[in-house]
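Novice: Residue numbers (my numbering), protein chains in the order written: chain A, 63 to 180; chain B, 35 to 145. Cβ coordinates follow ideal geometry from the N, Cα and C atoms, glycine included. Pasting a structure below so you can have a look.
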């Protein structure tokens, strides 16, 4: 059973450029969340996708956008890259649609994409 | 979302039991307490989750007092491979809620 996969592993971009990161959720999961982790910090929630729509969003500017496809895979797009966007970008999947009340779903994280902006 | 406070770092010798305490004074009724482990350049990995009293799995135990304002992650007989950052999270139930990570506790295990 494949876990969460992300591509590419590493990426180097120049300020002002645009980048697209990709994520395939764990088999059976329908919800994908994206996190940004700066060096030495905990992951920070960017947004969450379910049924191909953005359901929740963290405190990130509109330069960060995403998409979810019918097969539940997802993309994270960042426009007009800044030096401060350099971070490890993590994708996590979970089975939102099971409708279990009052349970805090375990989220499965991928290995991340290391983005360096120069 | 309830804020959590945990030690920045801890050191331990291999074979010892390690207890990491997390404070979450404003935890809400529907909140669960969850711990994640993260190795360098990897995504966080779920360790354990609980609501009250004690939860134990093959990896760790989680102790939650009656007032639920704190919790303690207990790692029995740590090994060098347990060197990682451990995050305590308190989250709303019912949906795949966004996870709010703090800076975590960096555990260093040595011989």
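Quick one: measure Cβ to Cβ for residue 121/B and residue 70/B, integer angstroms, because I've assumed they're closer than 8 Å.
Specialist: Locating residue 121/B in the second chain gives position 87, counting from the first residue. Locating residue 70/B in the second chain gives position 36, counting from the first residue. Correct: roughly 5 Å between the Cβ atoms.
Novice: So residue 105/A packs on residue 98/A, CB below 8 Å; how close in whole Å?
Specialist: Stepping through the first chain from its first residue, residue 105/A is reached at position 43. Stepping through the first chain from its first residue, residue 98/A is reached at position 36. Residue 98/A and residue 105/A do touch by the CB rule: their CB atoms are close to 7 Å apart, below 8 Å.
Novice: Decide if residue 154/A is buried, meaning its Cβ has at least 16 other Cβ atoms within 10 Å, or exposed.
Specialist: Residue numbering aside, residue 154/A sits at position 92 when the first chain is read from its first letter. Counting Cβ neighbours within 10 Å, residue 154/A comes out buried, since at least 16 surround it.
Novice: Rank 174/A, 151/A, 168/A, 139/A by C-alpha distance to the C-alpha of residue 79/A and give the top, closest one.
Specialist: Your numbering for residue 79/A matches position 17 in the first chain. Minimum Cα distance to residue 79/A is reached at 139/A.
Novice: To the nearest angstrom, how far is the alpha carbon of residue 77/A from that of residue 126/A?
Specialist: Along the first chain, read from residue 1 onward, the residue named residue 77/A stands at position 15. Along the first chain, read from residue 1 onward, the residue named residue 126/A stands at position 64. When only Cα atoms are considered, residue 77/A and residue 126/A end up about 15 Å apart.
Novice: For residue 67/B versus residue 124/B, is the C-beta spacing smaller than 7 Å?
Specialist: Position 33 of the second chain, counting from 1, holds the residue named residue 67/B. Position 90 of the second chain, counting from 1, holds the residue named residue 124/B. In contact: residue 67/B and residue 124/B (Cβ atoms closer than 7 Å).
Novice: Is there a C-beta anywhere in chain A that falls below 7 Å from the one on residue 137/B?
Specialist: Walking along the second chain from the start, residue 137/B turns up at place 103. It does; some Cβ of chain A falls within 7 Å.
Novice: For residue 54/B, write down the residues that DSSP places opposite it in a beta bridge.
Specialist: Mapped onto the second chain, residue 54/B falls at position 20. Residue 54/B pairs with 107/B.
Novice: Would you identify the three-state DSSP class for residue 125/B, choosing helix, strand or coil?
Specialist: Within the second chain, numbered from 1, the residue matching residue 125/B stands at position 91. Here residue 125/B sits in strand by DSSP.
Novice: Taking just the CA atoms, how far does residue 65/B sit from residue 164/A?
Specialist: Within the first chain, residue 164/A is the residue found at index 102, counting from 1. Within the second chain, residue 65/B is the residue found at index 31, counting from 1. Because the pLDDT at residue 164/A is just 39, under 50, the model does not fix this residue reliably, and the value given afterwards should be weighed accordingly. Taking the straight line from one Cα to the other gives about 8 Å.
Novice: Pull up the CB-CB distance for residue 61/B and residue 88/B, whole angstroms please, since I reckon it's below 8 Å.
Specialist: Your numbering for residue 61/B matches position 27 in the second chain. Your numbering for residue 88/B matches position 54 in the second chain. That pair is no contact at about 17 Å.
Novice: For residue 80/A, would you say it is in contact with chain B, using Cβ-to-Cβ distances shorter than 7 Å as the test?
Specialist: Position 18 of the first chain, counted from the first residue, corresponds to residue 80/A. So, not an interface residue.
Novice: Taking the beta strand (DSSP E) that residue 84/B belongs to, which residues open and close that run?
Specialist: Numbered from its first residue, the second chain carries residue 84/B at position 50. From DSSP, the beta strand (DSSP E) with residue 84/B extends over 79-84.
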